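Input: a single structure, listed below in structure tokens.
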Amino acid sequence: MNPSIIREILKVTEQPGILSMAGGLPSSDTFPVSELKAACEHVLTHTPSEALQYAASEGFGPLREWVAERAKTLGMKVSPDQVLITSGSQQGLDLVGKILCDAGAPVAVETPTYLGALQAFTPYEPIFASLDSDEQGVSPAALARLPHDAPGTRFAYLLPNYQNPTGRVMSAARREEAMAAARSAGVPVVEDNPYGDLWFDEAPLPSLSSLWPEGSIYLGSFSKVLTPGFRLGYMIAPPALYPKLLQAKQAADLHTPGFNQRVVYEVIRNGFLDQHVPKIRALYKANRDAMAQALQQHLPPGCEWQTPKGGMFFWVRLPEGLDAMALLPKAVDAGIAFVPGAAFYAHAPDPRTLRLSFVTLTPTRIGEGVAILGRVLREALQLSAEHAP
Numbered sequence: 255m256n257p258s259i260i261r262e263i264l265k266v267t268e269q270p271g272i273l274s275m276a277g278g279l280p281s282s283d284t285f286p287v288s289e290l291k292a293a294c295e296h297v298l299t300h301t302p303s304e305a306l307q308y309a310a311s312e313g314f315g316p317l318r319e320w321v322a323e324r325a326k327t328l329g330m331k332v333s334p335d336q337v338l339i340t341s342g343s344q345q346g347l348d349l350v351g352k353i354l355c356d357a358g359a360p361v362a363v364e365t366p367t368y369l370g371a372l373q374a375f376t377p378y379e380p381i382f383a384s385l386d387s388d389e390q391g392v393s394p395a396a397l398a399r400l401p402h403d404a405p406g407t408r409f410a411y412l413l414p415n416y417q418n419p420t421g422r423v424m425s426a427a428r429r430e431e432a433m434a435a436a437r438s439a440g441v442p443v444v445e446d447n448p449y450g451d452l453w454f455d456e457a458p459l460p461s462l463s464s465l466w467p468e469g470s471i472y473l474g475s476f477s478k479v480l481t482p483g484f485r486l487g488y489m490i491a492p493p494a495l496y497p498k499l500l501q502a503k504q505a506a507d508l509h510t511p512g513f514n515q516r517v518v519y520e521v522i523r524n525g526f527l528d529q530h531v532p533k534i535r536a537l538y539k540a541n542r543d544a545m546a547q548a549l550q551q552h553l554p555p556g557c558e559w560q561t562p563k564g565g566m567f568f569w570v571r572l573p574e575g576l577d578a579m580a581l582l583p584k585a586v587d588a589g590i591a592f593v594p595g596a597a598f599y600a601h602a603p604d605p606r607t608l609r610l611s612f613v614t615l616t617p618t619r620i621g622e623g624v625a626i627l628g629r630v631l632r633e634a635l636q637l638s639a640e641h642a643p
């Protein structure tokens, strides 16, 4: 087990004057404080004993029903009995690792992939198989080759919507091809979808899990659409696997806090998210546009990136000869922070990559931060040229 580079960087960004584009933190301006306050009062007034007592490990029944109903919008047909409420979707990753990983057995991941998933699976000692990936996500051919390249692969971990860290999204055709390849290879899929509601221009496509329900586990979260501080997520699992995940949950923490579950359900039960999430999208889209403009204006030639269609991140590749990890201290000294991309690779990290979050700063501050980054990069390129043989 190793410390999270993102968590370590966040400690640095707490210093006064640092413009942080590092952490994948939702904007606190989007937290529905008044609605949560009213829901807390309602729960403590009407069901205080139930909310403050031990609760079922599966989760609050009405919230599980809400999740099952909501899954229909992504093409999924599930029973509330397949829904397990977790302490954030990060706990879902840990439960998956606990049940499905075996020491020395392969687990397939995208290139690059979510750092937190690598951290969640690593204690169970799998061997990571890095899947070829492009701007549309995982390669179906790489999935099809798993029985040959990585026999006994326990599952493939995929993020189809506005992936962390790259921001890429899988097309409809790619989803069908990838899931057909996984199914043919006999490799279950763990679908992680924390950013699916944060689309800017087009609504999300059907989930991967809808294409192979009996071979998929779906992970969702309330962190990006309500508040991360409640640590509330959920899993949707096939009936055959659900009991084992539940047993792992019982051993981990007995249950996700019942008070949090009831408060969140009280907020969302009458359609609140349908009015609230579009406001988040509008805010993040404006920030996305500001960062796209700033990157175009300030980064030196040779930098590469794609403008994301949703989510929270830009993925930037620096010119040849630059190392994002080596540049981070200089960037922090100059007043900005980012996440070096190397930590997001299971194998063969690309030192030229970095991740920028665009959701916590204002458009003006985004422009200022990217301008600083541009100066740091130009200075590094000049220094590299001076020392070239």
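So the sequence shown is numbered by my numbering: it starts at 255 and just counts up by one.
Glycine included, every Cβ here is placed at the ideal spot set by N, Cα and C.
Bear in mind that the values here come from a model prediction, so they are computed numbers and not experimental data.
By Cβ distance, which residues of its chain are closer than 8 angstroms to residue i, with the 5 residues on each side in sequence left out?
i: Ala359; result: Pro380, Ile381, Gly406, Thr407, Arg408
i: Thr301; result: Arg516
i: Arg429; result: Pro414, Leu459, Pro460, Leu462, Leu465
If you draw a straight line from the alpha carbon of residue i to that of residue j, how long is it in whole angstroms?
i: Arg523; j: Glu289; result: 12 angstroms
i: Ser644; j: Phe476; result: In this structure the chain extends from 255 to 643, so residue 644 is not present and cannot be described.
i: Asp507; j: Glu364; result: 30 angstroms
i: Thr420; j: Thr299; result: 44 angstroms
i: Ala398; j: Ala439; result: 6 angstroms
i: Ala325; j: Val332; result: 7 angstroms
i: Lys708; j: Pro286; result: The chain is shown only over 255 to 643; residue 708 falls outside these bounds and no answer can be derived.
i: Val531; j: Leu452; result: 8 angstroms
i: Lys563; j: Asp455; result: 7 angstroms
i: Arg422; j: Asn447; result: 12 angstroms
i: Met255; j: Pro401; result: 28 angstroms
i: Asp528; j: Leu413; result: 23 angstroms
i: Val479; j: Thr284; result: 8 angstroms
i: Met378; j: Ile534; result: Correcting the residue type first, residue 378 is Tyr in the shown sequence and not Met. Distance between the alpha carbons of Tyr378 and Ile534: 36 angstroms.
i: Val624; j: Gln417; result: 22 angstroms
i: Val586; j: Val266; result: 8 angstroms
i: Lys498; j: Pro603; result: 34 angstroms
i: Thr616; j: Ala536; result: 13 angstroms
i: Ala505; j: Tyr496; result: 14 angstroms
i: Pro489; j: Val321; result: The question names Pro, but residue 489 is Met in the sequence shown. About 9 angstroms.
What do you get for residue i, buried or exposed, if any count of 16 or more other CB atoms within 10 angstroms of its CB means buried?
i: Leu637; result: exposed
i: Gly525; result: exposed
i: His641; result: exposed
i: Thr618; result: exposed
i: Met545; result: buried
i: Glu262; result: exposed
i: Ala427; result: exposed
i: Thr327; result: exposed
i: Ser303; result: exposed
i: His509; result: buried
i: Gln373; result: buried
i: Glu558; result: exposed
i: Gln307; result: exposed
i: Ile323; result: One detail in the question is off: residue 323 reads as Glu in this sequence, not Ile. With fewer than 16 other Cβ atoms within 10 Å, it is exposed.
i: Ala362; result: buried
i: Ala580; result: exposed
What does a CB cutoff of less than 7 angstroms around residue i pick up in its chain, not counting 5 residues either side in sequence?
i: Gly589; result: Gly271, Ile272, Leu273, Ile626
i: Gly329; result: Pro460, Ser461, Ser464
i: Glu520; result: Ala293, His296, Val297
i: Glu319; result: Pro334
i: Pro366; result: Pro419, Thr420, Gly595, Phe598, Tyr599
i: Lys539; result: Phe454
i: Ala396; result: Leu385, Asp386
i: Ser470; result: Pro442, Val443, Glu445, Leu462, Ser463
i: Ser660; result: With the chain represented from 255 up to 643, any question about residue 660 goes unanswered, as that position is not in the structure.
Please confirm whether any heavy atom of the ligand SAM lies closer than 7 angstroms to the CB of residue i.
i: Ile534; result: The ligand SAM is not among the ligands present in this structure, which contains no ligands whatsoever.
Apart from the five residues just before and just after residue i, which ones in its own chain have a Cβ nearer than 6 angstroms to its Cβ?
i: Lys584; result: Val630
i: Leu553; result: Gly628
i: Pro492; result: Glu468
i: Phe592; result: Met275, Ala276, Leu608, Leu610
i: Pro632; result: According to the sequence provided, residue 632 is Arg. The question's Pro does not apply to it. Cβ neighbours of Arg632 beyond the five flanking positions: Pro554.
i: Glu357; result: According to the sequence shown, residue 357 is Ala rather than Glu. Same-chain partners within the cutoff: Glu379.
i: Gly575; result: Ser638
i: Gly512; result: Ala305, Ala309
i: Gly556; result: Pro573
i: Gln501; result: none
i: Thr561; result: Ala546
So, under 8 angstroms CB-CB, residue i and residue j are touching, yes? Tell me the CB distance rounded to an integer number of Å.
i: His390; j: Met424; result: The sequence shown places Gln at residue 390, not His. The pair is a contact, with the Cβ atoms about 6 angstroms apart (cut-off 8 angstroms).
i: Thr614; j: Leu279; result: 5 angstroms
i: Trp466; j: Ala494; result: Incorrect: roughly 14 angstroms between the Cβ atoms, too far for contact.
i: Leu635; j: Arg606; result: Not really, about 12 angstroms apart at Cβ, beyond 8 angstroms.
i: Ser258; j: Leu369; result: 7 angstroms
i: Ser384; j: Ser393; result: At roughly 11 angstroms, the Cβ-Cβ gap does not stay under 8 angstroms, so Ser384 and Ser393 are not in contact.
i: Gln345; j: Gly450; result: Not really, about 19 angstroms apart at Cβ, beyond 8 angstroms.
i: Asn541; j: Ile620; result: 6 angstroms
Measure from the C-beta of residue i to each C-beta in chain D and report whether the shortest distance is under 8 angstroms.
i: Ala580; result: Protein chain content of the structure displayed is limited to a single chain, and chain D is not contained in it.
If you pair each beta-carbon of the segment 309-325 with each one of the segment 334-352, do three or more pairs fall below 8 angstroms?
yes
Check whether the segment 453-460 and the segment 475-493 are in contact - that is, three or more C-beta pairs closer than 8 angstroms.
no
Taking three-plus beta-carbon pairs below 8 angstroms as touching, is the segment 540-559 in contact with the segment 343-358?
Result no; under three Cβ-Cβ pairs closer than 8 angstroms.
Examine the Cβ distances between the segment 568-576 and the segment 602-614 and report whether three or more of them are shorter than 8 angstroms.
yes
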